[in-house]
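Reading through the structure tokens given below for one structure.
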Amino acid sequence: MTRQVLIVGASVGGATAATTLRAAGVETIMLERELVRPKPCGGALPPAAFNEFDIPTHLIDRTIHNCLIVSPSGQEARVAVTGTVASAEDDYVAMVRREVFDSFLRQRAQERGATLIHGTLIKLQVNRAGVQARYRDAKGDEYVLHADAVIGADGAYSPTAKFLGLKPLPRAIAIQERISLPPAKLARWEDTADLYLGREVSPDLYAWAFPKRDHIAIGVGVGPKHIHDVKQNLANLKRRLGSAIEGGEVLMREAHALPMHPRKHLAFDRAMLIGDAAGLVANTSGEGIYWAMKSGEMAAQTLAEYLEAPTAQNLRAYERSWRKRYGSMYAFLRWLQVWGYGNERQMEVFTEMCRNLDVQRLTFDSYMHKNMAPAPWLTQLAMTRDILVSQFRNYVGPRRTPLRELATAYSK
Ligand SMILES: Cc1cc2nc3c(=O)[nH]c(=O)nc-3n(C[C@H](O)[C@H](O)[C@H](O)COP(=O)(O)OP(=O)(O)OC[C@H]3O[C@@H](n4cnc5c(N)ncnc54)[C@H](O)[C@@H]3O)c2cc1C
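For the sequence shown, the positions run 55 to 466 when the numbering used here is used.
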């Protein structure tokens, strides 16, 4: 008998899961409510996403080879995007527009045989007999779909998780403006992406300026406790960027939630969660695109293997292999967010640490190539010494004055 899988959400995670299921010969339906407006996103991606998922690099707006990190007091760390083994070809951060990137993934899944339905999931029942989903199409008509299993790839507010009876995860909010700039002004970001730290732009995460082909995307992310101030944080970032973006035209304003930690379980009887729906966003960076794709691939591989008996016990093979490969990295990045962005003195320490060459290379190894190998112990020792010295300087020494208190120096 032909088995069929329903994927709710056909963004980066859902489309990757669909392509993987089709490669295993599984009948696949993607249900997606939004096919026009892009997913709000900074669109920064590691080379691993292109290499591992066979994605053409012509989808990239810009490749970035430098990062500028600016502390609350204006200390700068200029960081070359290079891992421990430098590679001229493979050392970069890709900047994409989600409308371009997601369309490619969705279309590829369709070309491989997945069916795309434009509609909104409004009810989901999962029981021993199978999966029954009710959806509403663009005209308001309602339909029912039947499947043997469901993958929830429906983002931070995941209706699939809700219908499975799971609690919502704590969520951060990120907002962004796309601002068109004349080439002379955009030249500042030709090959560089900026990260800004400071209470006024983000009390517990960071703010960014990411260049695209013809515009700059500037945004801020804040944790659940600071959501009410997020618009003011963005206004403060624009003030901090000052003349660099003056006269630019706002092309788009966008905002969305990001989950703050992974769910306890990622698989259930006949159901799996991937990407943001599963809480798989890296805390320190807010990186979620690669992780949605990777979890989509891993979940789909497991589901294809157990489609004859999609019990929670069998499908949790996905959850176990995810935890084995990435569990400790997620726990570390969660700790790093609290450690690095916890208060402004700590943000100064974080910026100073970003000047350390070993820290830079290890960070980019793990970001660009998802290579999680620990550093040699001598390197670890040297990094620990540098952190302690920086902590001492920033906590025992005088407080560095935040830029916002230096009115004249505020507009850099
Ligand atoms: C402002 C901002 C900036 C970010 N910047 C970056 C970045 O630079 N790099 C990075 O790696 N990550 C970034 N992220 C995180 C990244 O966008 C997400 O982690 C990633 O998109 C998750 O992919 P996903 O497939 O799990 O879910 P999503 O991309 O959220 O997709 C979920 C899909 O489900 C659909 N859906 C939802 N409900 C229903 C329903 N009822 N019926 C049918 N369909 C439904 C939605 O329309 C959507 O298409 C950013 C996030 C935000 C908010």
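For every residue, glycine included, the Cβ atom is placed at its ideal position computed from N, Cα and C.
{"Check": "Count the other CB atoms within 10 Å of the CB of M417; is the residue buried (16 or more) or exposed (fewer)?", "Outcome": "The sequence shown places Thr at residue 417, rather than the Met named in the question. Answer is buried; the Cβ neighbour count reaches 16."}
{"Check": "For A69 versus L178, is the C-beta distance shorter than 8 Å?", "Outcome": "no"}
{"Check": "Could you tell me which residues DSSP puts in a beta bridge with I306?", "Outcome": "At residue 306 the sequence reads Met, which differs from the Ile that was named. M306 is bridged to R232."}
{"Check": "Buried or exposed for N181, going by 16 or more other Cβ atoms inside 10 Å?", "Outcome": "exposed"}
{"Check": "What are the start and end residues of each continuous alpha helix (DSSP H) run of 4 or more residues lying completely inside the region 242–324, in chain order?", "Outcome": "284–295"}
{"Check": "Distance check for T246 and A238, CA to CA, integer angstroms please.", "Outcome": "15 Å"}
{"Check": "Between which residues of its own chain and R317 is the CB-CB distance below 6 Å, once the five residues before and five after are set aside?", "Outcome": "A332 and G333"}
{"Check": "Distance check for V135 and D195, CA to CA, integer angstroms please.", "Outcome": "50 Å"}
{"Check": "State whether the region 155–174 contacts the region 75–85, with contact taken as three or more CB pairs (one from each stretch) at a distance under 8 Å.", "Outcome": "yes"}
{"Check": "Quick one, are the C-beta atoms of I272 and K292 less than 8 Å apart?", "Outcome": "yes"}
{"Check": "Could you check what DSSP says for Q129 in three-state terms: helix, strand or coil?", "Outcome": "coil"}
{"Check": "Given a cut-off of 8 Å on the beta-carbon distance, is the pair M314 and I171 in contact?", "Outcome": "no"}
{"Check": "Helix, strand or coil, according to DSSP, for Y146 in the structure here?", "Outcome": "coil"}
{"Check": "Kindly give me the distance between the Cβ atoms of R232 and M306, rounded to whole angstroms, as I take these residues to be in contact under 8 Å.", "Outcome": "4 Å"}
{"Check": "How should R453 be labelled, buried or exposed, when 16 other C-beta atoms within 10 angstroms of its C-beta is the threshold for buried?", "Outcome": "exposed"}
{"Check": "Using the Cα positions of G381 and A336, report the straight-line distance between them to the nearest angstrom.", "Outcome": "11 Å"}
{"Check": "Quick one: what's got a C-beta closer than 6 Å to Y260's C-beta in the same chain, skipping five residues either side?", "Outcome": "L249 and L251"}
{"Check": "Here's a check: name, in chain order, each residue in its chain whose Cβ is nearer than 6 Å to the Cβ of C95, leaving out the five neighbours to either side.", "Outcome": "R152"}
{"Check": "Please identify the residue among L60, V413, M426 and G451 whose C-alpha is closest to the C-alpha of K378.", "Outcome": "M426"}
{"Check": "Might you give, ordered along the chain, the residues of its own chain that have their beta carbon closer than 8 Å to the beta carbon of A429, omitting 5 neighbours on each side?", "Outcome": "D412, L416 and M437"}
{"Check": "So F107 and M347 are in contact, right, with Cβ under 8 Å, and what is the actual spacing, rounded?", "Outcome": "6 Å"}
{"Check": "Where does Y449 land, buried or exposed, given buried means 16+ other C-beta within 10 angstroms?", "Outcome": "exposed"}
{"Check": "Threshold first: 4 residues or longer. Then list the alpha helix (DSSP H) segments lying entirely within the region 64–130, N to C.", "Outcome": "66–77 and 101–106"}
{"Check": "Using C-beta distances below 6 Å, list every residue in its chain close to V284, excluding the 5 sequence neighbours before and after it, in chain order.", "Outcome": "I227, I229 and V276"}
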